[in-house]
Amino acid sequence: MHWNQAGSTWHETFSYTTRAPNFKICFVEFLIFLFLSFCGQSVRTSNVLSDTGKVTTSYPDLRKHNNCMATTPNGFTLDNCIQTGVDNPGHPFIKTVGMVAGDEESYEIFADLFDPVIKERHNGYDPKNMKHPTDLDSSKDFFDERYVLSSRVRTGRSIRGLSLPPACTRAERREVERVVSDALGGLRGDLTGRYYRLSEMTDSEQQQLIDDHFLFDKPVSPLLTCAGMARDWPDARGIWHNNEKTFLIWINEEDHTRVISMEKGGNMKRVFERFCRGLKEVERLIQEKGWEFMWNERLGYILTCPSNLGTGLRAGVHIKLPLLSKDPRFSKILENLRLQKRGTGGVDTAAVGSTFDISNLDRLGKSEVELVQTVIDGVNYLVDCEKRLERRQDIKIPPPITQFK
1 MHWNQAGSTW HETFSYTTRA PNFKICFVEF LIFLFLSFCG QSVRTSNVLS DTGKVTTSYP
61 DLRKHNNCMA TTPNGFTLDN CIQTGVDNPG HPFIKTVGMV AGDEESYEIF ADLFDPVIKE
121 RHNGYDPKNM KHPTDLDSSK DFFDERYVLS SRVRTGRSIR GLSLPPACTR AERREVERVV
181 SDALGGLRGD LTGRYYRLSE MTDSEQQQLI DDHFLFDKPV SPLLTCAGMA RDWPDARGIW
241 HNNEKTFLIW INEEDHTRVI SMEKGGNMKR VFERFCRGLK EVERLIQEKG WEFMWNERLG
301 YILTCPSNLG TGLRAGVHIK LPLLSKDPRF SKILENLRLQ KRGTGGVDTA AVGSTFDISN
361 LDRLGKSEVE LVQTVIDGVN YLVDCEKRLE RRQDIKIPPP ITQFK
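Have a look at this one:
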């Protein structure tokens with residue numbers, strides 16, 4: 001539902017809830033309606049609220065939870081969860097989720113609201129009765145470097161016992177930085193590197209790392225700022241990278257950590273092998289310090305945005321597709337291959353010069369190996385389509401790949 005449509009029903013809904021016999025229950029229903037409206041669902045007020053003030057069976061029933069007053073142990077509320085979705089109608093290139101978690105407990109206390117959103121975002125994965133698999137054995141294959149400019153694999157990890165970025169205190173954020181940076185000092189071999197605090201960088205050093213796609217910039221997207229992820233910037237934020245700048249860890253951006261393996265060219269096998277090896281070593285070092293990552297078998301690894309639950313993994317390439325990108329079948333091909341396109345500058349950017357950031361659409365319900373293989377197979381299909389168009393041959397839309405085995 002768009003802003004103007006939501007606005008047209010605002011007064012009807014609010015006046016109804018304020019004169020209902022149980023204000024707390026109806027206020028929860030109003031929050032659900034408001035959240036669903038701004039998540040792009042075309043619903044009418046009459047479909048959400050019945051004449052008796054009850055939520056219909058199509059939507060979560062939170063009446064017994066009294067969620068307008070409920071909070072997680074860290075004080076994160078339902079209002080905090082959906083604020084970014086209320087403030088932002090969406091994204092021009094990607095269907096956004098519209099809600100965030102403030103801590104690990106958010107996904108449990110507000111499960112009646114999170115679970116249907118997770119199921120919608122992750123193509124039918126049902127957190128109520130499905131278990132997420134994990135597999136960090138390295139995969140295979142190379143890409144044609146005439147088309148693929150660079151390859152990367154990234155994921156996020158959260159430190160159990162500390163609030164996530166939308167809800168963390170300044171002290172918690174600094175504790176994340178201390179725990180992670182101390183652990184990373186134990187990396188050896190080709191993973192040896194150092195940690196750089198944003199607050200200690202010069203403007204030119206910071207900008208160069210951003211231009212080289214190594215470093216994150218201060219969040220300016222309303223999707224992040226409305227969720228409170230730019231507070232106290234740049235306090236306790238930074239980047240750790242190895243000497244070759246092929247293994248990087250962002251600290252306190254959208255998640256506690258973002259673990260990235262990347263290099264120029266199309267050697268996804270080497271990128272993924274380094275990613276798996278480095279991630280296992282980072283987890284071992286953090287556990288030696290007495291900490292652990294947030295994880296459960298229902299949702300996999302716990303991260304701030306529900307779109308990143310499960311593996312949290314995004315395997316991607318920067319790829320030149322000047323002909324295929326102009327073909328009207330391009331979007332459908334990506335959809336059937338379970339791939340997603342972005343601009344090379346990040347989620348809020350458009351493609352420049354027919355060069356796209358192509359990555360896996362799914363995160364939850366499939367293992368890391370399966371998702372990387374999806375990208376390998378899909379990117380090779382895109383390259384083959386581009387080559388066929390160069391030869392003035394026809395291309396076909398592939399059949400949709402199976403989501404869950």
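The sequence shown: position 146 = 146 (the UniProt record's numbering), numbered continuously. Ideal placement from N, C-alpha and C gives every residue a C-beta, glycine not left out.
Residue i, buried or exposed, once every other Cβ within 10 Å from all chains shown has been counted against 16
| i | result |
| --- | --- |
| P322 | exposed |
| T171 | A quick correction: the sequence has Ala, not Thr, at residue 171. Exposed, since its Cβ has fewer than 16 Cβ neighbours within 10 Å. |
| Q208 | exposed |
| Q340 | buried |
| E288 | exposed |
| I319 | buried |
| residue 415 | The chain is shown from 1 up to 405; residue 415 falls before or after that span and cannot be answered. |
| T155 | buried |
| R363 | buried |
| P219 | buried |
| R284 | exposed |
| S139 | Its pLDDT being 49, under 50, S139 is placed unreliably by the model, and the measurement read from it follows with that caveat. Label assigned to S139: buried. |
| S163 | buried |
| T96 | buried |
| N129 | exposed |
| R392 | exposed |
| E205 | exposed |
| E390 | exposed |
Closest residue to residue i among the options (Cα-Cα distance)
| i | options | result |
| --- | --- | --- |
| R338 | K366, G266, D115, V179 | K366 |
| P234 | N252, N243, C226 | N252 |
| S181 | I109, A171, Y196, K332 | Y196 |
| E200 | I239, G265, K387 | I239 |
| G278 | D255, L389, I249, V372 | I249 |
| L215 | T77, L224, T225, R237 | R237 |
| L309 | K245, V117, D203 | V117 |
| R298 | D112, F330, D126 | D126 |
| M268 | H241, R314, R284 | R314 |
| S106 | N129, P89, L78 | L78 |
| V259 | G265, P73, T246 | T246 |
| E177 | E108, G378, T257, D203 | T257 |
| R329 | L382, R284, T71, G353 | L382 |
| Y147 | G378, T355, V97, Q373 | T355 |
| G185 | E292, E281, L371, K326 | E281 |
| F76 | V86, V97, E108 | E108 |
| H132 | E370, G378, R392, N380 | E370 |
| V112 | D377, G343, A70 | The displayed chain sequence assigns Asp, not Val, to residue 112. Minimum Cα distance to D112 is reached at A70. |
| F293 | T202, E390, S204, D255 | D255 |
| T225 | V86, N74, E390, V379 | V86 |
| E273 | Q373, G343, P222, E205 | Q373 |
| G161 | N74, H241, L149, K119 | N74 |
| E145 | H241, G265, D377, D190 | G265 |
| R231 | D212, S331, F110, C168 | C168 |
Same chain, Cβ closer than 6 Å to residue i, five either side skipped, listed in chain order
| i | result |
| --- | --- |
| residue 448 | With the chain covering only 1 through 405, there is no way to say anything about residue 448. |
| I395 | C385, R388 |
| I333 | I397 |
| W291 | I159, V179 |
| R342 | D357 |
| L149 | H318 |
| G378 | L337, L339 |
| E104 | M294, I302 |
Cβ separation of residue i and residue j, assumed to be a contact under 8 Å, to the nearest whole Å
| i | j | result |
| --- | --- | --- |
| M229 | P165 | 5 Å |
| R121 | S307 | 5 Å |
| G102 | N88 | Contact doesn't hold; Cβ gap of about 17 Å is too wide. |
| G358 | G316 | The sequence given here has Ile at residue 358, not Gly. Rounded, the Cβ-Cβ distance is 6 Å, consistent with contact. |
| T311 | E368 | 5 Å |
| G193 | N243 | 6 Å |
| L72 | G300 | The residue asked about is misnamed: residue 72 is Thr in this sequence, not Leu. In fact, because the Cβ distance is near 19 Å, the residues do not count as touching under 8 Å. |
| F143 | N380 | 7 Å |
Same chain, Cβ closer than 7 Å to residue i, five either side skipped, listed in chain order
| i | result |
| --- | --- |
| A227 | Q83, T84, V100, P166 |
| V271 | S151, R152, V153, S261, M262, E263 |
| P399 | N336 |
| I210 | D217 |
| L191 | N242, F247, G278, E281 |
| R188 | none |
| L361 | R338, L339, Q340 |
Beta carbon proximity, residue i to chain D, threshold 8 Å
| i | result |
| --- | --- |
| L389 | Protein chain content of the structure displayed is limited to a single chain, and chain D is not contained in it. |
Other residues of its chain near residue i: CB distance less than 8 Å, five sequence neighbours each side excluded
| i | result |
| --- | --- |
| N296 | I302 |
| T402 | none |
| R174 | D235, A236 |
Item to complete: For the stretch 187-228, list the alpha helix (DSSP H) runs that are entirely contained and at least 4 residues long, ordered along the chain.
Response: 203-211, 222-225
Practice prompt. With a floor of 4 residues, list each alpha helix (DSSP H) that falls wholly inside the stretch 68-113, ordered by position along the chain.
Written response: 78-87, 106-109
Discussion item. Which runs of the alpha helix (DSSP H) at least 4 residues long sit entirely within the stretch 233-304? Give them in chain order.
Written reply: 268-288
Worksheet item: Quick one: complete beta strand (DSSP E) runs, 3+ long, within the stretch 344-389?
Response: 355-360
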